[in-house]
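Numbering of the sequence shown is given in this note's numbering, commencing with residue 3 and proceeding in unit increments.
Reviewing the structure listed below.
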Amino acid sequence: MPSSRRGEQIPVVSSAHLAAGASPALSEVEFGLILAGHGFARWMVRCMAAAGRPGLSPTEILVLHTVRHRDRPKRLADILLVLDIEDTHVATYAIRKLEEAGLVTTGRAGKEKVVSATEAGSALCAAYAGVRERLLAEPLRGSGPSEEQLSSVAQLLRALSGYYDQAARAAATL
Numbered sequence: 003m004p005s006s007r008r009g010e011q012i013p014v015v016s017s018a019h020l021a022a023g024a025s026p027a028l029s030e031v032e033f034g035l036i037l038a039g040h041g042f043a044r045w046m047v048r049c050m051a052a053a054g055r056p057g058l059s060p061t062e063i064l065v066l067h068t069v070r071h072r073d074r075p076k077r078l079a080d081i082l083l084v085l086d087i088e089d090t091h092v093a094t095y096a097i098r099k100l101e102e103a104g105l106v107t108t109g110r111a112g113k114e115k116v117v118s119a120t121e122a123g124s125a126l127c128a129a130y131a132g133v134r135e136r137l138l139a140e141p142l143r144g145s146g147p148s149e150e151q152l153s154s155v156a157q158l159l160r161a162l163s164g165y166y167d168q169a170a171r172a173a174a175t176l
């Protein structure tokens with residue numbers, strides 16, 4: 003947190019009117035989430051381009067990695083749940099684009115739609131992982147936060163997501 007001329011800490015926020023409430027630190031977290039979210043989306047797109055597949059959206063990349071996870075077909079409902087996507091059409095559109103690109107296949111398991119990574123989709127995920135390791139994980143390991151710190155941040159972010167989900171449900175009833 004930057005300090006002012008008098009030594010007091012000035013929160014780094016995007017909206018001072020939100021920092022004026024009961025939790026200025028929450029506004030700092032929210033600004034950090036904004037920056038991290040945009041940075042992560044930009045990273046995913048550029049990493050995928052470096053892996054050999056430019057033009058995929060962040061959602062398409064997330065869906066591909068989710069489908070590739072553990073090399074098992076995924077139900078559409080599970081993809082929506084894991085990625086916390088409320089609008090089925092968002093995931094369906096991403097799956098359609100990935101299928102047209104030859105990166106996933108779709109089928110049915112009973113009445114449910116299932117999605118699997120193709121060999122090309124799995125190879126692209128492996129290439130992405132290689133670029134990620136070289137450009138992000140290795141430099142981070144050398145000079146960034148420790149594995150324990152990263153795990154703590156991840157745990158905190160998951161917990162915060164629950165608070166935001168609960169607040170969203172409450173806001174929907176107002």
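Note that CB positions come from ideal geometry on N, CA and C, so glycine has one too.
Contact between I81 and V65 is confirmed by a C-beta separation of about 6 Å, below the 8 Å threshold. By the criterion of a C-beta distance shorter than 6 Å, A96 is surrounded in its chain by T61, E62 and V65, once the five residues flanking it on both sides are discounted. Rounded to whole angstroms, the separation of the alpha carbons of G112 and E150 is 42 Å. Nearest to R98 by C-alpha distance, out of K115, L85 and F33, is K115. Rounded to whole angstroms, the gap between the alpha carbons of G123 and R143 is 28 Å.
Of the residues S145, G54 and D167, the one whose Cα lies closest to the Cα of A128 is G54. Under the three-state reduction of DSSP output, A111 falls in the strand class. Straight-line spacing of the CA atoms in E32 and Q11 works out to 17 Å. Distance from the CA atom of T120 to the CA atom of V106, rounded to whole angstroms, is 5 Å. In chain order, S16 place their CB closer than 8 Å to the CB of I36, counting only its own chain and leaving out the 5 sequence neighbours on each side. Here DSSP, grouped into helix, strand and coil, assigns A96 to helix.
One thing to note: V84 has its Cβ no nearer than 8 Å to the Cβ of V117. Assigned with DSSP and collapsed to three states, R136 falls in helix.
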